[in-house]
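A short worksheet on the structure shown next.
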Ligand SMILES: [Zn+2]
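Right under this line is the structure:
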């Protein structure tokens, strides 16, 4: 069996395959809403060092990324999430 071809970057993927890759937003798909009190949910959208993950990495739509950013900032003030993780 031929080994499965892996691509190092998105640019290497042929255009006919790029179209096949579907970017879907978790919140649109599950009809869920972003809750600033739900720290476990928000934790999936911050890095280990506490930074907000970029939209292109998580695949959220613009609307939900905006809501997510606001929710994370709100949760930080309420001390549910860290501003910064040192060390
Ligand atoms: Zn969405």
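In the numbering used here, the protein residues as written are 7 to 93. Glycine included, every Cβ here is placed at the ideal spot set by N, Cα and C.
Cβ neighbour criterion (16 or more within 10 Å) applied to residue i
i: residue 23; result: exposed
i: residue 74; result: buried
CB of residue i within 9 Å of CB of residue j, strictly
i: residue 92; j: residue 78; result: no
i: residue 42; j: residue 66; result: no
i: residue 56; j: residue 86; result: no
i: residue 89; j: residue 82; result: yes
Contact set for residue i: own chain, Cβ-Cβ below 7 Å, skip 5 residues either direction
i: residue 61; result: 71
Nearest candidate by alpha-carbon position, reference residue i, set the options
i: residue 30; options: 8, 69, 76; result: 69
Neighbourhood of residue i by C-beta distance below 8 Å, restricted to the same chain and skipping five residues each side
i: residue 13; result: 19
So, do the segment 42-56 and the segment 7-24 have three or more beta carbon pairs nearer to each other than 8 Å?
Flag = no, the segment 42-56 and the segment 7-24 do not touch.
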